[in-house]
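A.B. asks: Chain order of the listed sequences is P and A. For the first sequence, the numbering used here assigns the number 25 to the initial residue and increments by one for each residue that follows. For the second sequence, the numbering used here assigns the number 38 to the initial residue and increments by one for each residue that follows. C-beta: ideal position from N, C-alpha, C; glycine also.
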Amino acid sequence: MQSRLDYFVPEGSYWPILGSVGMAAMLGGFASSLHGNTAGTVSMILGFGIIIFMVFGWIGQVINESETGTYNLQVDKSFRIGMGWFIFSEVMFFAAFFGALFYARTLSVPWLGGDGNNLYTGEVLWPEFKSVWPLIQMPDSTNFTVPKGIIEAWHIPALNTLTLLTSGATLTYAHWSLMNKNRIGLIGGLIATIILGVIFLGLQVAEYMEAYQHLDLKLTSGIYGSTFFMLTGFHGLHVTLGTIMLIVILMRAIRGHFREDRHFGFEAVAWYWHFVDVVWLGLFIVVYWL
Amino acid sequence: MNYIILLFFIFIIYSLGSALYYMMNDSGGGSKRMVKALTIRVAVSIALFVFVLFSFWMGWIKPAGVA
Numbered sequence: 025m026q027s028r029l030d031y032f033v034p035e036g037s038y039w040p041i042l043g044s045v046g047m048a049a050m051l052g053g054f055a056s057s058l059h060g061n062t063a064g065t066v067s068m069i070l071g072f073g074i075i076i077f078m079v080f081g082w083i084g085q086v087i088n089e090s091e092t093g094t095y096n097l098q099v100d101k102s103f104r105i106g107m108g109w110f111i112f113s114e115v116m117f118f119a120a121f122f123g124a125l126f127y128a129r130t131l132s133v134p135w136l137g138g139d140g141n142n143l144y145t146g147e148v149l150w151p152e153f154k155s156v157w158p159l160i161q162m163p164d165s166t167n168f169t170v171p172k173g174i175i176e177a178w179h180i181p182a183l184n185t186l187t188l189l190t191s192g193a194t195l196t197y198a199h200w201s202l203m204n205k206n207r208i209g210l211i212g213g214l215i216a217t218i219i220l221g222v223i224f225l226g227l228q229v230a231e232y233m234e235a236y237q238h239l240d241l242k243l244t245s246g247i248y249g250s251t252f253f254m255l256t257g258f259h260g261l262h263v264t265l266g267t268i269m270l271i272v273i274l275m276r277a278i279r280g281h282f283r284e285d286r287h288f289g290f291e292a293v294a295w296y297w298h299f300v301d302v303v304w305l306g307l308f309i310v311v312y313w314l
Numbered sequence: 038m039n040y041i042i043l044l045f046f047i048f049i050i051y052s053l054g055s056a057l058y059y060m061m062n063d064s065g066g067g068s069k070r071m072v073k074a075l076t077i078r079v080a081v082s083i084a085l086f087v088f089v090l091f092s093f094w095m096g097w098i099k100p101a102g103v104a
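And the structure:
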C-alpha cells in the first residue's frame, strides 16, 4: 500500500486557465470569422498563439521538473496512462475516417447504383448512374468539381510510403542507440527521421498541388475527393505534429536528457510516430491500391 | 490477395499494440521489450510494402484507377 507521501502534488499553476482562455479565443474567433468578422480572425490567431505559448510553457515546466528529479514512479505511471487515453482518442479519430470511407465505398455508393435490395433506389433516383470506385462520375455533379483523374499510387504515394517506412527504421535505430547508451546514434537517428518527415510533407504538398491544379481533384469533388483529402490531410497534420514533437525530443537529446532506463518522453513520441506510419500504410493500401 | 495483405496488417497492428502494452507497463528499468516490438513492426511493414510492389510487378494487383 502506498503512503500519501508517495504522491507528487504540484504547485498551483496558471497554465490551465491560460490554455482555456486561448481555446475560447481561438474557437470563438473562428466561429466569428465564419461570419466575415475581422475581429474574429484576429481573436482566432491570438488564441492560437496563446495555446502555442501555453503548450511550450507548460511542457517546458514539466520537462524541467522531470529533469530535476521531482517526479517519482507514480508520476511516471500517470504520464503513461495519459498517453494511453490520447492514443485511444487518436485510434477512434482515424477509425471514424476509415469508417466513412468504408461506408461510402462499400455501402452507400453501391446502393445508389441499385446494389443489394436497393434496385429501385437506383432506378428512381438516377437510372443512368453506375456505381464505380473511385467515384469520378457522380450521379448529379451540379454542385461538385468533377475530377479528370486521381493520384497514381505508383508515383508520389509509393515514394511517400518509402520515405515514411525509412523514417520508421531510422527512429528504431535511434531507439536502439538510446537503449545502448549511444548518444551520437540517438541524435543522428532523430535527425534522419525529422528530415524524412519533412520530405514526406513536401511530397504531400506536391501531390496536393498536382491534384488541385492538373486533375481538378478537390475537397469538393464529391465523396471521393472528400474522403481522400480528409484522410490524407489529417494524416499529414499528424506527421506535422509528429515532426514538431521529434524536434523537441532531438533538442532534449542534444541537451543530454533521457537515460536508457528512464525516457518516457522519447517512448511516447516514438510510438506516436510508428502509429502515424502504420496509419499511412493503411491509407496507402486502402486509398491508393484497393 | 486481400487476405494476405490483411494478414500482414494483423501482424503489424499486433506488434504496434504490444509495443504500446510494454510502454504502458514497463515503467523504467531499461526493458527492451518495447523497442523489440517496434523493430518487428518496422520489419513487417517494409515486407508488406515490398510485397505490394512485387505483386504489382507480377501483375497480381493493380492500383485503384479510373475505370
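Flag threonine 185/P as yes if its beta-carbon sits less than 7 Å from any beta-carbon of chain A, otherwise no.
C.D. replies: Interface residue, yes.
A.B. asks: By DSSP, does valine 33/P sit in helix, in strand, or in coil?
C.D. replies: Note: valine 33/P maps to coil in three-state DSSP.
A.B. asks: Cβ of methionine 38/A less than 7 Å from any chain P Cβ?
C.D. replies: Cβ-Cβ to chain P under 7 Å: no for methionine 38/A.
A.B. asks: For the 8 Å Cβ check, are there 3 or more pairs between the region 150 to 160 of chain P and the region 54 to 63 of chain A?
C.D. replies: No contact exists between the region 150 to 160 of chain P and the region 54 to 63 of chain A.
A.B. asks: Which residues in the same chain have their Cβ closer than 6 Å to the Cβ of leucine 70/P, if we skip the five residues on either side of it in sequence?
C.D. replies: Counting only Cβ-Cβ distances below 6 Å, and skipping sequence neighbours, we find Ala49.
A.B. asks: Check whether the Cβ atoms of aspartate 100/P and serine 68/A sit closer than 7 Å, and answer yes or no.
C.D. replies: No, the pair does not count as a contact, with Cβ atoms beyond the cut-off.
A.B. asks: Considering just the uninterrupted stretch of the alpha helix (DSSP H) at threonine 244/P, what are its terminal residues?
C.D. replies: Taken as a continuous stretch (DSSP letters only), threonine 244/P belongs to no alpha helix (DSSP H), as it is neither H nor E.
A.B. asks: For the alpha helix (DSSP H) that contains leucine 131/P, what are its first and last residues?
C.D. replies: That residue, leucine 131/P, is in no alpha helix (DSSP H); it is neither H nor E in DSSP.
A.B. asks: Which chain P residues are close to alanine 56/A, counting only those with a beta carbon under 8 Å from its beta carbon?
C.D. replies: Chain P residues near alanine 56/A: Trp295, His298.
A.B. asks: Given a cut-off of 7 Å, decide if threonine 251/P and alanine 120/P are closer than it, judged by their beta-carbon atoms.
C.D. replies: Contact: no.
A.B. asks: Looking only at its chain, what residues have a beta carbon closer than 7 Å to the beta carbon of valine 263/P, apart from the 5 residues adjacent to it on each side?
C.D. replies: Excluding positions up to five away in sequence, the list reads Gly221, Phe224, Leu225, Val300.
A.B. asks: What's the call for histidine 59/P, buried or exposed, on a 16-neighbour Cβ count within 10 Å?
C.D. replies: Exposed.
A.B. asks: Could you pull out every unbroken beta strand (DSSP E) segment of at least 3 residues lying fully inside the region 114 to 182 of chain P, listed in chain order?
C.D. replies: Those beta strand (DSSP E) runs which fall completely within the region 114 to 182 of chain P and span 3+ residues do not exist here.
A.B. asks: For a contact meaning CB atoms closer than 7 Å, what does methionine 61/A contact in chain P?
C.D. replies: Simply Arg104, Gly108.
A.B. asks: For the candidate residues Leu143/P, Ile174/P, Gly146/P, Ile309/P, whose alpha-carbon lies nearest to that of serine 245/P?
C.D. replies: Minimum Cα distance to serine 245/P is reached at Ile174/P.
A.B. asks: Would threonine 217/P and leucine 265/P be called neighbours here (beta carbons separated by less than 7 Å)?
C.D. replies: No, they are not a contact pair.
A.B. asks: Are the C-beta of threonine 92/P and some C-beta of chain A separated by less than 7 Å?
C.D. replies: It does not; no Cβ of chain A falls within 7 Å.
A.B. asks: Determine the direct distance from the alpha carbon of methionine 60/A to that of asparagine 39/A, and round the result to whole angstroms.
C.D. replies: Approximately 31 Å between the Cα atoms of the pair.
A.B. asks: Sorted by chain position, which residues of the same chain lie with C-beta nearer than 6 Å to phenylalanine 117/P's C-beta, five sequence neighbours on each side aside?
C.D. replies: So the list is empty, once near-sequence residues are dropped.
A.B. asks: What are the residues that DSSP puts in a beta bridge with arginine 78/A?
C.D. replies: Per DSSP, none; premise fails for arginine 78/A.
A.B. asks: For a contact defined as C-beta to C-beta under 7 Å, what are the partners of leucine 44/A on chain C?
C.D. replies: The structure shown contains no chain C; the protein chains it does contain are P and A.
A.B. asks: If tryptophan 304/P sits next to threonine 185/P, beta carbons under 8 Å apart, how far is it from one beta carbon to the other, in whole angstroms?
C.D. replies: Correct: roughly 7 Å between the Cβ atoms.
A.B. asks: Using a Cβ-Cβ cut-off of less than 8 Å, list which residues of the region 68 to 93 of chain A approach chain P; keep chain order.
C.D. replies: Residues passing the 8 Å Cβ filter: Lys69, Met71, Val72, Leu75, Thr76, Arg78, Val79, Ser82, Ile83, Leu85, Phe86, Val89, Leu90, Phe93.
A.B. asks: Per DSSP, which one or two residues make a beta bridge with arginine 283/P?
C.D. replies: Looking at the DSSP assignment, arginine 283/P forms a beta bridge with Arg286/P.
A.B. asks: Taking Cβ-Cβ distances shorter than 8 Å, what residues in chain P pair up with glycine 66/A?
C.D. replies: Neighbours of glycine 66/A on chain P, chain order: Asp285.
A.B. asks: Short check: CB of serine 82/A to CB of leucine 189/P, under 7 Å?
C.D. replies: Result yes, Cβ atoms of serine 82/A and leucine 189/P sit closer than 7 Å.
A.B. asks: Which residue marks the beginning of the alpha helix (DSSP H) containing methionine 78/P, and which one marks its end?
C.D. replies: Its alpha helix (DSSP H) spans residues 62 to 91.
A.B. asks: Taking C-beta pairs closer than 8 Å, name the residues in chain A that valine 302/P reaches, listed in chain order.
C.D. replies: In chain order: Ile49, Ile50, Leu53, Arg78, Ser82.
A.B. asks: What residue does the alpha helix (DSSP H) around methionine 47/P start on, and which one ends it?
C.D. replies: Where methionine 47/P is concerned, the enclosing alpha helix (DSSP H) stretches over 39 to 57.
A.B. asks: Please confirm whether leucine 70/P has its beta-carbon closer than 7 Å to some beta-carbon of chain A.
C.D. replies: Chain A, which has no Cβ nearer than 7 Å to the Cβ of leucine 70/P, makes this no.
A.B. asks: Report yes if the CB atom of isoleucine 87/P is closer than 7 Å to the CB atom of glycine 46/P, and no otherwise.
C.D. replies: No, the pair does not count as a contact, with Cβ atoms beyond the cut-off.
A.B. asks: Counting only Cβ pairs nearer than 9 Å, list the residues of chain P close to isoleucine 98/A.
C.D. replies: Correct list: Trp313, Leu314.
A.B. asks: When the cut-off is 7 Å and only beta carbons count, does histidine 199/P lie next to chain A?
C.D. replies: Chain A contact via Cβ: present.
A.B. asks: Sorted by chain position, which residues of the same chain lie with C-beta nearer than 8 Å to glycine 96/A's C-beta, five sequence neighbours on each side aside?
C.D. replies: Within the same chain, glycine 96/A has no close Cβ partners at all.
A.B. asks: When you compare the CB of alanine 177/P with every CB in chain A, is at least one pair closer than 7 Å?
C.D. replies: Judged by the 7 Å Cβ criterion, alanine 177/P is in contact with chain A.
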